[in-house]
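Participant: Plus 3 on top of the position in the sequence shown (first one is 1) and you've got the UniProt record's numbering. A virtual CB, placed ideally from N, CA and C, is assigned to each residue, including glycine. All values reported here derive from a predicted model rather than from experimental measurement. Encoded as structure tokens, here's the structure I'll be asking about.
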Amino acid sequence: ETGTIAFLGLGHMGGPMAANLIGAGYTVIGYDPVPAAVEAAKAHGVPTAASAAEAAGGASVVLTMLPSGRHVLDAYRGAGERPGLLEAAAPGTLFLDCSTINVTEAQEAAAAAIAAGHRSVDAPVSGGVVGAEAGTLTFMVGGEDDDVAVVRPILETMGKRVVHCGAHGLGQAAKVCNNMILGVSMIAVSEAFVLGEKLGLTHEALFDVAAHASGQCWALTTNCPVPGPVPMSPANRDYQPGFAGALMAKDLRLAVNALEHTGVAAEMGQLASKIYDSFVEHGGASTDFSGIINTIREQSEP
Ligand code: NAD
């Protein structure tokens, strides 16, 4: 039986995830430094504490859903006057980080938690805000078997798929590898549609071929970057996300960090990161990442 879950980070993802835990009968105590996030969580029935340390103090699981690895490590260790969660939590607390962070940061966070007498699991997600609200997220999990067994029912409440990928940090590794495929394949699909346009091919014709041929991939058949062939794709609603360009750029930067750390010669991943950084700098931050097709078209000769 799980005791209280301290839920730190009640933003776009954390808010609905915490609400789903409450809905399933878990005892949750939330915290977020932003008052609007706290108010939204309260409106969804999530009680909140006055500080992160207060929330963590009485918890058996400390779940973090924060913007970056820096936020996670600072929250764990404390920054300035603020006591760290590792210090505030009772011995043996299970630290469950669902944020998307560097593989090395996840390993560092796990080592710090274990050194402080706690347990650690990394469990980044895919599925976006829609998946968080519907409870259909996929969790990619890194950690010890026993600890993963403890958090599995919690994760299954917030998601529909939980994959134990290996040791500490390997949940993040799976996330970064998957999203590197996604970034590269979305650019490839978009380049093909623009080339098809120049050659006189209709979107429908290219889709009908590629969706059933060797070009088939999620970027084409689910998140199709042109309006029409896939009615639910963001292209049909003026590229409202969906998966925002800023998040794709963030994940590709994590991929590049991992490439540099390991010395892997992945030119496509490196280039995808540059392309999405530029997309964000030129107004694509809150556009769906499939909006990259418009940049490719604009940069092509008329
Ligand atoms: P968000 O910015 O909406 O939420 C993060 C929240 O953390 C904010 O409300 C912030 O105030 C809070 N926070 C910061 N420091 C804190 C602290 N010390 N204690 C408690 N709360 C703190 O971001 P999000 O979209 O919810 O994303 C969260 C994580 O999930 C990120 O790592 C992101 O990359 C990842 N992710 C996001 C999506 C998505 O579609 N939004 C999809 C998959 C993964």
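(1) In or out: V37 buried (at least 16 other Cβ within 10 Å) or exposed?
(2) On the CB-based measure, 16 or more other CB atoms within 10 Å of its CB, does A21 come out buried or exposed?
(3) Given G87, which residues of its chain have a CB within under 6 Å of its CB, disregarding the five upstream and five downstream residues?
(4) Determine, using beta carbons only, whether I25 and T7 come nearer to each other than 7 Å.
(5) Flag this pair as yes or no: are the beta carbons of R164 and T141 separated by less than 7 Å?
(6) Using 6 Å as the cut-off, classify the Cβ of S188 as near or not near the heavy atoms of ligand 1, replying yes or no.
(7) Which same chain residues, not among the five before or five after A249, have their C-beta less than 7 Å away from its C-beta?
(8) Counting C-beta neighbours from all protein chains within 10 Å, is the total for P19 16 or more, i.e. buried, or is it exposed?
(9) If I'm right that D125 touches H171 with Cβ under 8 Å, what's the distance once you round it to whole angstroms?
(10) Identify the continuous alpha helix (DSSP H) that holds D254 and give its terminal residues.
(11) Can we count M16 as close to ligand 1, meaning its CB is less than 6 Å from some heavy atom?
(12) Use the C-beta contact count for R240: other C-beta atoms within 10 angstroms, 16 or more gives buried, fewer gives exposed.
(13) Using only the alpha-carbon positions, how far apart do V133 and Y242 sit?
(14) Report the CB separation of V197 from I104 in whole angstroms; it is logged as a contact under 8 Å.
(15) So G174 and V144 are supposed to be a Cβ contact under 8 Å. How far apart are they, rounded?
(16) Helix, strand or coil: how does DSSP classify S303 here?
(17) According to the neighbour-count rule (16 or more other Cβ atoms, all chains shown, within 10 Å of its Cβ), is P234 buried or exposed?
(18) Any contact between the segment 259-275 and the segment 183-203? By contact I mean 3 or more CB pairs, one from each, below 8 Å.
(19) Pull up the CB-CB distance for L13 and D35, whole angstroms please, since I reckon it's below 8 Å.
(20) So, helix, strand or coil for S129, using DSSP?
(21) What is the DSSP secondary structure of R73, counted as helix, strand or coil?
(22) Can you tell which of T30, A213, A112 has its C-alpha closest to the C-alpha of V64?
(23) So is the beta-carbon of G12 under 6 Å away from any non-hydrogen atom of ligand 1?
(24) Whose C-alpha, out of A252, H74, A135, is nearest the C-alpha of S281?
(25) Can we count P50 as close to ligand 1, meaning its CB is less than 6 Å from some heavy atom?
(26) Report the residue from E90, E136, S102, A135 whose alpha carbon sits nearest the alpha carbon of A118.
(27) Could you tell me the boundaries of the beta strand (DSSP E) in which A9 lies?
Facilitator: Based on what the coordinates show:
(1) Translated into positions along the sequence shown, residue 37 becomes position 34. So V37 ends up on the exposed side.
(2) As a working mapping, residue 21 is identified with position 18 in the sequence shown. It is buried - the Cβ of A21 has at least 16 other Cβ atoms within 10 Å.
(3) For the purposes of this step, residue 87 is taken as residue 84 along the sequence shown, with counting starting at 1. Y79, R80, G81.
(4) One-based indexing of the sequence shown puts residue 25 at position 22. One-based indexing of the sequence shown puts residue 7 at position 4. Taking 7 Å as the Cβ cut-off, I25 and T7 do not qualify as a contacting pair.
(5) Taking the first residue of the sequence shown as position 1, residue 164 is located at position 161. Taking the first residue of the sequence shown as position 1, residue 141 is located at position 138. Contact: yes.
(6) For the purposes of this step, residue 188 is taken as residue 185 along the sequence shown, with counting starting at 1. No; taking the cut-off as 6 Å, the Cβ of S188 has no heavy atom of ligand 1 nearer than that.
(7) In the sequence shown, residue 249 corresponds to position 246, counting from 1. Answer for A249: V283, A288, S289, listed in chain order.
(8) Reading the sequence shown from its first residue, position 16 is the one you call residue 19. With 16 or more Cβ atoms within 10 Å of its Cβ, P19 is classed as buried.
(9) Here residue 125 refers to the residue found at position 122 of the sequence shown. Here residue 171 refers to the residue found at position 168 of the sequence shown. Contact flag correct, Cβ pair sits at about 6 Å.
(10) Reading the sequence shown from its first residue, position 251 is the one you call residue 254. From DSSP, the alpha helix (DSSP H) with D254 extends over 248-265.
(11) Stepping through the sequence shown from its first residue, residue 16 is reached at position 13. For ligand 1, at least one heavy atom lies less than 6 Å from the Cβ of M16.
(12) Residue mapping note: residue 240 aligns to position 237 of the sequence shown, counting from 1. Looking at its Cβ environment, which holds fewer than 16 other Cβ atoms inside 10 Å, R240 is exposed.
(13) Position 130 of the sequence shown, counted from the first residue, corresponds to residue 133. Position 239 of the sequence shown, counted from the first residue, corresponds to residue 242. Cα to Cα, V133 sits roughly 15 Å from Y242.
(14) Residue mapping note: residue 197 aligns to position 194 of the sequence shown, counting from 1. Residue mapping note: residue 104 aligns to position 101 of the sequence shown, counting from 1. Wrong, their Cβ atoms sit about 34 Å apart, outside the cutoff.
(15) Working through the sequence shown from its first residue, we reach residue 174 at position 171. Working through the sequence shown from its first residue, we reach residue 144 at position 141. About 5 Å; that satisfies the 8 Å criterion.
(16) As a first step, residue 303 must be located in the sequence shown, where it is residue number 300. If DSSP states are grouped into helix, strand and coil, S303 belongs with coil.
(17) The residue given as residue 234 occupies position 231 in the sequence shown. It counts as exposed.
(18) yes
(19) What you label residue 13 is simply residue 10 of the sequence shown in a count that begins at 1. What you label residue 35 is simply residue 32 of the sequence shown in a count that begins at 1. 4 Å between Cβ atoms; contact.
(20) As a working mapping, residue 129 is identified with position 126 in the sequence shown. Note: S129 maps to strand in three-state DSSP.
(21) Sequence index remark: in the sequence shown, residue 73 carries index 70 (1-based). Helix, per DSSP.
(22) Locating residue 64 in the sequence shown gives position 61, where the first residue counts as 1. When each option's Cα is compared against that of V64, the closest is T30.
(23) In the sequence shown, counting from the first residue as 1, residue 12 sits at position 9. G12 Cβ: within cutoff of ligand 1.
(24) Locating residue 281 in the sequence shown gives position 278, where the first residue counts as 1. Out of A252, H74, A135, A252 has the C-alpha closest to the C-alpha of S281.
(25) As a position in the sequence shown, residue 50 is number 47, starting the count at 1. It does not: the Cβ of P50 is nowhere closer than 6 Å to a heavy atom of ligand 1.
(26) Reading the sequence shown from its first residue, position 115 is the one you call residue 118. A118 has its Cα closest to that of E90, out of E90, E136, S102, A135.
(27) In the sequence shown, the residue the question calls residue 9 occupies position 6. First-last of the beta strand (DSSP E) with A9: 8-11.
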